[in-house]
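A short worksheet on the structure shown next.
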Amino acid sequence: MPTLDSIGLEILSNALKSINDECFVALMKASYSTNIKERHDHSTAIMSANGDLIAQADMSLPIHVASMSGLMRCVLEKYGGDIHAGDIFVANDPHTAGGTHLPDVNFAAPVFIHDELIGFVCNIAHHADIGGMAAGSMSGGMTEIYQEGLRIPVTRIAQRDEIKQEILDIFLLNARAPQERRGDYYAQIAAAKLGVRRLHELGSRHGAETLKEGFQQLLKRSADRMALALKEVPDGVYEFEDFMDDDGVKTIDVLLKVRIEAKAGKLSFDFTGTAPQTAGNINMTLNATQSAVIFAIKSLLDPEAPNTQAVIDCVDIQIPKGTVASAVFPASVAGRAHTCQRVIDVVMGALAPALPTLVPAAPNGANTMAVFSGIDPRSGDPYVYLETIGGGAGGRPTKPGKDGVQTGITNTSNLPVEAIENEYPLMVLEYGLAPNSGGKGKHSGGRGIRRIVKPIGHQCIFNGVGERFRNPPWGLAGGEDGGRGRFAMINDKGEEAPLPGKTGDRIIEQGGSVLMDSPGAGGWGK
Amino acid sequence: MTWTIGVDVGGTFTDFHARNDVSGKELVFKRPSTPHDPGEAILKGLEELEKAHNLPLTEIARIAHGTTVATNALIQRKGALIAAVATKGFRDLLEIGRQVRPHMYDLNLDKPDPLASEAMRFEVAERLNWQGEVVTPLTDAEASRVAKQVVESGAEAVAICFLFAYLNPQHEQKLRDAILSLKPEMRVSIASDVQPEFREYERFQTTAINAYLQPRLASYVEHLASGLNHRVGSATLGINQSSGGLMSATKTAAFPVRTALSGPAAGAVGAAYVARNADRPFVITLDMGGTSADVALIANADTEITFQRDVAGFPIRLAMVDIDTVGAGGGSIAWFERDGLLKVGPISAGAAPGPACYGQGGTEPTVTDANLVLGRLSATGLLDGALPLNTESAVSALKPIADRIGISVEEASLGILAIAVSNMSRSVRRMSVERGHDPRNFTLMAFGGAGPLHARDVAAELGMSEVLVPPAPGIVCAQGLLVSDQKEDFVASVRLPLSQTAMAEAAKMIGNLAELAHSWFESERLPDEGRSMELSLDLRYVGQNFELIVPAASGANLTAQDLPDAETLANLFFDAHDRAYGFHDASAPIEIINFRMTARGRLYEQTQKNERKENSGPPEPESTRTVWFDSNAGIETPVYRREKLYPGLQFEGPAVVDQLDATTPIFPGDRVEVLADGSILIRLQGA
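Chains as they are written, first to last, in the working numbering: chain A, 2 to 527; chain B, 551 to 1237.
Set out below in C-alpha cells:
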C-alpha cells in the first residue's frame, strides 16, 4: 500500500468495495431463495475492529446497513475479548441484537492478521420465512414479536472454522421450507468466509497497521464530508408531523413527529411526541429510524457519499423509548418498512423550508404489498404470489416527480405480467398508472400504479397491506396533495366494494377481481 | 474481386483493415471520422485506400462494417417520433418498466423518459392468454380504428407489442397490416418479429428501440449501400451485430436494435481471432480507448454471449457479446471528490478538447497527461508524430493535484494511473471472479489505443502472469469485422417441462427453428460448406425467475434428431448451475423457457500464420527515453519500433515498444517474446 494520502485511500477504498461486491455476488449466487437471488434483498459490509462500518457493497440496502452495524455493537458487547479467528456470529433479534425485523438474518466474522483483530466482514439477507404465525413472517395483524418468528440472539455459530450444526438445526426446525433456508444459511456462511479470506489477503499484503490506519482515515474523511454536507442546512428549528393510516389491528392515525434543530452545521432530530408503539406490527426499532433519517439526509445533501459509520453517526437523534419509531420488547416490527417511509417523509417535510430548492413533495410513502394465494386448479398445488407495488415520486423543485416507481427505503422490481399468468392461475386485467393520482402543481407529483387481478377457474385469497389510503401524500410549496391508495373488490357485475388499507385475508370469488391503486405523490409549486 | 475490408467507425477515427484473399496481404489504414455522416469517412477512406495502396475499388468483394450510429442515436435521444401500441390495459408498460429507480439515494437521477410519450401510446382491445389462445379477438373494426389513430398521430415509426404474442403473432400482424394498408411507407416493428421472447416489458422496450432507430438506421445503411454501389460496384455489405456476427443491409434496416453494441462486439470478435492465432484460447480483453475501457472474457477462443443488458439506461433483450464497460480511458479526468479522495473518470476530456497535452485547449489533468509525464508515452505522440504531445501543458495540468496532496508531479501521475488501474481491475474481477472464473488462468489481452499502456499493472494487480499485445492493437475491431461470420439468432419461447414426454414438442420447436435457419441460409445465399448451426436452451428450476443458457448441440446441419435426451440436458443444466451458482439440486424439476438457434455462414478462411523470418540477434533500440516505472526515479529506457520486432525474438525489460497507434511499456524484469503471429507476449517478473 502506498502512503495513505488521497491516492492510497482511494485505492484502498476500491479494494474494499471489490471485496464487498464479490461477497455480495457470491451470496446471491449460492442462495436458494428468489428473494435473495432476484430481488437482491441482501447486503455486505466491512467493519473495523471496534465495529464501525467502513465500506459496503454498492447494492447494499440502507436499512440493512443499520442492522449490520447494530449487530456489531451487540457482538462486541457480548463477546469482546473472546473473539477468535474462525468464529462466525449470527443474530436477527430487533430487541436484543441490533436487528430491524426477524427475517433479516445477520452474519459477522472477524479477520485477524498475526493474531491481531483488524476488522469484521458482515452480511445480511432477508429470508423468505423465519417461522412464526404466518407464512413469510411478514403478515399484518401480528401483535408481539413472538408471533413473527424465531428470535436469534447474538450467537457464535462457528468456532475455529467449525459450524455448530446443532444450532443451525434449531434455526431450520423453526422455519418453513427448511431445505431452502439451509441453502440460504450456507450461502451466508460461505460469503462470510470468502470475505474473511479476501480481507486477510489485503491485510497481509499491506500490513495490519496500514489497514487499521486506512480505516480510521476513511472514517475521518467521511465525517468531514458529512460535516460539509450538513453545513448546507441553515441554522433554525424545523418541525413537521404526519400520520400513518393505522397499525393494521386497531390504532388509527399513528402520529410521527419531528423537531430538527440545525445549529452551526450540527443537526439534532427530536421525535418526542411520536405515537406510542402500537399493537400492530408497524413498529420500528431505533436503528431502523436512524437509517431512515440518514436516508433522507444523504438523498438531499450528498447522494454519492459512501455509507460509513461516520454517515450513520452524523446526526443526533433524541426519542423517548417505546414509541412507534423507538419500539421496545415485545413490540412486533415485521411491517417496519411502511413506517420507515413515513419517517423519511416527516424529515423531508421538516427540512423543506430550510432547503427549498432540494426537497420534493411527499412520495407515495408506502411499501404497498399484495398477496394472492389459493389452490392452482391447473395442478392442484397451493400457490402464494407476493408483489410489492411502487407508486408516485414527489414533484421536485426542478421537475415533476416520476410515475410508477419505488421510492425511499425500497427499490425492488415487479414481476412481469407474463410471469404471473404463467405461474399462477391469475389474469392481470390492467396494469398501468392510476388516473389523476399525481398531485397537481407547477411540477406535478408522480402517479401511482393500478393493478386489477382476477382469479381464473377458482376462488382465491387476497391480503393487501397499504399506506396513505387515508392520509394523502402532501404537496409542497403550493402544490396539491397526491392521490390516495385504495384496494377494492370488483364483482362479476363490475360493481366495486372498497377494502381497508390493511385487509387481512379476503376471499375473491370466481368472476370477481381485485383493484389495487398505490398512492400517487404530491405536486410541487403553484 | 480479391479484397475484403473491415471498417470500424469510432468517434475519432475510422479504421480500415483490408485483406487480399488470394495473396494474404493485409493493409491497415486510419482516417478521421466524419460524425455528421459516418458513411462519408467510409467512402472517402476507400478512395484514399485505393490511391495510397493501389487497391482498385473494383477488386473489393466484401465490406464488413461496425457502426455506432445506433448507439449514439440512443444515447443522444436522436431517434424517430414513435407510436407504441399495447394490449388494452397495458398502455403504460414502457413508462413503468420494472418500477425501479437507477440510484438508491439520488432524488434527481431518473430512469430515462420512455421513447413514446403518453400521447403517443395507444391501446387495442385484444387479449391472448398464457398459452397464446385468443381470449378477446382483435376485430377488423378495432384494428382499423387504432391504425387510423396511429397514422394520424404523426408517428414516423411504430412499435407493437401485445401480451403473449410471442406465442401467437396473429394480432400483432393484423394490426401491422392495418397500419401498412393506410400508410404503406410506415416503418412498423412488431415484437413477435424483433424478439419473440417471454417477459413483456423487456420485449416491448427492445421493440420500441427498434422502431425508434429504424428511420435513421434504414436511411444510413441505404445511403451507404448506394454510395458503395456507386463506387465499388458489386461488393456485398455486412453490418456487425451486437452478438458479433454480420447481417445484410436489408436486415439492418429492419432490425437496427441489433447494432446497439456493434462496435465493442467487433473488438471482442477480433480479440478471439487474435487469441486463436497466438495459441492463447483463454484471455480476458482490455480494450481501452479515449473515454472508456471494455472488458470481455474469451474462453476456448470464443466470446461469451449475454441476452440482456442496458444501453443508454434501457434494457435490450437480444443476443449480445458479454462486455463490461468502465469509465477509464486515456481522456479520463483526475478530480477530487468531496471527501478529498482522488478519482479518475468517468468524466472524460474526450477527443475535444482532449487531454491537456494535446494542446487543443484542454486544461484538466488526464490519464494520457500522466502517461506522458512518466515517459511511458513519447512526446512525439501517436500516429508517428501527426499528433505531437506537449509535456509542459501536461505538467501544468497535473501540478495542482500534486500540490494539493504534497507530492511530486511524477508521484501524482503514478497515483492517477494506479487509480485507473484499480477501476479496471474491478471490471476484470466482475467479468471473471464474479462469474466463476479465476483470472490467474487467463492471459490479459490489451488493445485499443491505451490498453497496452496499462495492461501490465492490471495483470499484476490480479495475479495474472501474461499480457498479450496483438500486432496491431489499434485495429483489432476492424480485424474482428474482417473475420466475422454472417450470423442470425432465432428464438422460440415455449415453456415446457424438461422431461422425456415433452421432448416430442421440443423436437417440433427445433424442427421449426432449423427450417427458419435453412431459409435464412438460402436467402443470404451462403455457400453450403461454411454453414453451421448451434442450438441452446434456456433452462431453469420450476419456480425460479431467471434462466441459464445451456448449449445443447452444434453442427453443420442440425435437425430435431440432434436434440439430446432429457437426462443429458438435465446434466448440462446441472453443470451450468454449478458454474454460475456453486450448487445444483438433482431432484428439483427443470423447465425449458426458450429454444435458441444460431445460424452462421463462414465468410472468412483463416490462413497460415504470418511467416516472417526469424530475427538473427537482439534488436537495436531506436533511441532511449526516461521512463518512470515506480516513484523512485525515471530510468533511461531503450525504445523499440514494433515493426522491427520479429517472431522468435526475446528480450527483457525495461523497454518501451512504440508503434503507429499504441505504446507498450515493458517493466524491468519482465520477459518479452514475439510470437509467430507477431503478437508480443509479456511474462511478468516472478510469474
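Beta carbons: idealized from backbone N, C-alpha and C, even for Gly.
Bear in mind that the values here come from a model prediction, so they are computed numbers and not experimental data.
Closest Cα partner of residue i within the set the options
| i | options | result |
| --- | --- | --- |
| A/M517 | A/K527, A/E497 and A/G526 | A/E497 |
| A/D105 | A/N36, A/I168 and A/I119 | A/N36 |
| A/T101 | A/N284, A/Y384 and A/S374 | A/N284 |
| A/P303 | B/L577, B/R888 and B/P938 | Per the sequence shown, the amino acid found at residue 303 of chain A is Asp instead of Pro. Nearest option by C-alpha distance: B/R888. |
| A/I457 | B/W680, B/V578 and B/T621 | B/W680 |
| B/E676 | B/S667, B/T686 and B/E668 | B/T686 |
| A/M73 | A/L17, A/N93, A/I390 and A/G336 | A/N93 |
| B/T1239 | B/H1004, B/A1138, B/I555 and B/T1148 | In the structure displayed, chain B extends from 551 to 1237; residue 1239 of chain B sits before or after that span and is not available. |
| B/L1089 | B/A1064, B/H1134, B/R1075 and B/G1061 | B/H1134 |
| B/G595 | B/R781, B/Y1196, B/V861 and B/F1217 | B/R781 |
| A/D364 | A/C341, A/I376 and A/G402 | Note on residue identity: the sequence assigns Pro, not Asp, to residue 364 of chain A. The shortest Cα separation from A/P364 among A/C341, A/I376 and A/G402 belongs to A/G402. |
| A/N124 | A/K264, A/R485, A/G480 and A/N107 | A/N107 |
For residue j and residue i, the rounded distance between their alpha carbons
| i | j | result |
| --- | --- | --- |
| A/V259 | A/G132 | 35 Å |
| B/G788 | A/F90 | 59 Å |
| A/N472 | B/E984 | 45 Å |
| B/G589 | B/L774 | 6 Å |
| A/I421 | A/S380 | 15 Å |
| A/G524 | A/A394 | 9 Å |
| B/S703 | B/A697 | 10 Å |
| B/E1117 | B/N718 | 30 Å |
| A/L77 | A/A98 | 11 Å |
| B/V1206 | B/T1187 | 7 Å |
| B/L631 | B/G881 | 34 Å |
| A/G442 | B/A869 | 44 Å |
| B/A803 | B/A636 | 23 Å |
Chain-ordered neighbours of residue i on chain A, where CB pairs are closer than 9 Å
| i | result |
| --- | --- |
| B/D660 | A394, K400, K403 and V406 |
| B/I897 | Going along chain A, no residue has its Cβ under 9 Å from B/I897, so there is no contact; the nearest lies around 13 Å. |
| B/R1192 | By Cβ distance, chain A contributes nothing, its closest Cβ being about 31 Å from B/R1192, past 9 Å. |
The beta strand (DSSP E) enclosing residue i, as first and last residue numbers
| i | result |
| --- | --- |
| A/F485 | The displayed chain sequence assigns Arg, not Phe, to residue 485 of chain A. From DSSP, A/R485 is part of no beta strand (DSSP E); its letter is neither H nor E. |
| A/T156 | T156 to Q160 |
| A/E388 | P383 to T389 |
| A/V250 | Element bounds for A/V250: n/a, residue is neither H nor E. |
N- and C-terminal bounds of the alpha helix (DSSP H) containing residue i
| i | result |
| --- | --- |
| A/G184 | P179 to H207 |
| B/D1115 | Element bounds for B/D1115: n/a, residue is neither H nor E. |
| A/L352 | R337 to L352 |
| B/M1053 | M1053 to S1073 |
| A/H127 | Segment E117 to H127 is the beta strand (DSSP E) holding A/H127; no alpha helix (DSSP H) there. |
| B/R826 | S812 to N827 |
| B/Y770 | E750 to V782 |
| A/Q166 | Q166 to L174 |
Partners in chain B for residue i, counting only beta-carbon separations shorter than 7 Å
| i | result |
| --- | --- |
| A/N423 | W680 and R1045 |
| A/L28 | The contacting residues do not exist; A/L28 stays about 11 Å from chain B at best. |
| A/G391 | Q649 |
| A/D303 | R888 |
Under 8 Å by beta carbon: chain B residues contacting residue i
| i | result |
| --- | --- |
| A/S205 | Within 8 Å Cβ-Cβ: nothing; A/S205 doesn't reach chain B, min ~14 Å. |
| A/T35 | G1093, Q1094 and N1095 |
| A/A420 | F748, R749 and N1095 |
Closer than 9 Å at the beta carbon, the chain B residues around residue i
| i | result |
| --- | --- |
| A/S223 | D889 |
Chain-ordered neighbours of residue i on chain A, where CB pairs are closer than 8 Å
| i | result |
| --- | --- |
| B/K893 | E11 |
| B/N973 | N15 |
| B/E645 | D404, G405 and L434 |
Contacts of residue i in chain A (Cβ-Cβ under 7 Å)
| i | result |
| --- | --- |
| B/A968 | I8 and I12 |
Checklist entry - In chain order, which continuous runs of the alpha helix (DSSP H) of length 4 or greater are located wholly inside the segment 392-471 of chain A? => result Complete alpha helix (DSSP H) runs here, min 4: 418-424.
Item to check | Complete beta strand (DSSP E) runs within the segment 616-670 of chain B (minimum length 3 residues, chain order) | outcome: Runs of the beta strand (DSSP E) lying entirely within the segment 616-670 of chain B and spanning at least 3 residues, in chain order: 632-637.
Item to check | Those runs of the beta strand (DSSP E) which lie wholly inside the segment 847-883 of chain B and span at least 3 residues | outcome: Within the segment 847-883 of chain B, complete beta strand (DSSP E) segments of at least 3 residues are found at 859-861, 864-866 and 873-876, given in chain order.
Next on the checklist: Just to confirm the assignment: which complete beta strand (DSSP E) runs, minimum length 3, are found wholly within the segment 63-110 of chain A?
Outcome noted: The qualifying runs are 89-92.
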